[in-house]
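Trainee: Numbering (the numbering used here), first residue to last: 1 to 129.
Quick one: this structure, given as structure tokens, is what I'll be asking you about.
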């Protein structure tokens, strides 16, 4: 192996973690699924207990719409114009108006997410509306 000569540290954010999966075409972004991670603290950090889907909410001040606006800004700022994306966002406790991007993957949702969402919504992330 090779020796590492650098490290990357990431601040831990207290708060609820959400996933917003999108599909983009010519710089226009469309939400395909929204998830909430439910985590349980342990003496070693935390474990992911379960993940639940969030229903669509069109109210402009809803959590979902705030997440969508923020994620769309992140996708645009990072140059995602076409394809699937998987964004993980933490909303700090007590500050619902300050979401923070934890990870943006220019890829489809992994693990069992696509199969579960297909059962819930009748389509997968990569299928057109």
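Built from N, CA and C at the ideal position, the CB exists for glycine as well.
(1) Can you say whether residue 41 is buried or exposed, counting buried as having 16 or more other CB atoms within 10 angstroms of its CB?
(2) Using a Cβ-Cβ cutoff of less than 7 Å, which residues in the same chain neighbour residue 80 once the five nearest sequence positions on both sides are dropped?
(3) Just to confirm the assignment, what range does the beta strand (DSSP E) spanning residue 37 have?
(4) Just the C-alpha distance for residue 101 and residue 19, rounded to the nearest angstrom, thanks.
(5) What first and last residue would you give for the alpha helix (DSSP H) that runs through residue 66?
(6) Hey, could you find the ends of the beta strand (DSSP E) residue 17 is sitting in?
(7) Between residue 15 and chain C, is the shortest Cβ-Cβ distance under 8 Å, so that the two count as touching?
(8) Give me the residue from 44, 46 and 51 with the minimum Cα distance to residue 35.
(9) For residue 71 and residue 4, I'd like the C-alpha separation in whole angstroms.
(10) Return the bridge partner residues of residue 85 from the DSSP annotation.
Mentor: Let me lay it out:
(1) The residue labelled residue 41 in the question sits at position 41 within the chain shown. That one is exposed.
(2) Stepping through the chain shown from its first residue, residue 80 is reached at position 80. Counting only Cβ-Cβ distances below 7 Å, and skipping sequence neighbours, we find 24 and 106.
(3) In the chain shown, residue 37 corresponds to position 37, counting from 1. Counting along the chain, the beta strand (DSSP E) containing residue 37 begins and ends at 28-42.
(4) Position 101 of the chain shown holds residue 101. Position 19 of the chain shown holds residue 19. Whole-angstrom Cα-Cα distance: 10 Å.
(5) Along the chain shown, one-based indexing puts residue 66 at 66. Here the alpha helix (DSSP H) through residue 66 covers 63-77.
(6) Within the chain shown, residue 17 is the residue found at index 17, counting from 1. It spans 15-25 - the beta strand (DSSP E) in which residue 17 sits, taken as one unbroken run.
(7) Within the model displayed, chain C is absent; a lone protein chain is all it includes.
(8) In the chain shown, the residue the question calls residue 35 occupies position 35. It is 51 whose Cα lies nearest to the Cα of residue 35.
(9) Here residue 71 refers to the residue found at position 71 of the chain shown. Here residue 4 refers to the residue found at position 4 of the chain shown. Whole-angstrom Cα-Cα distance: 32 Å.
(10) The residue given as residue 85 occupies position 85 in the chain shown. Per DSSP, 22.
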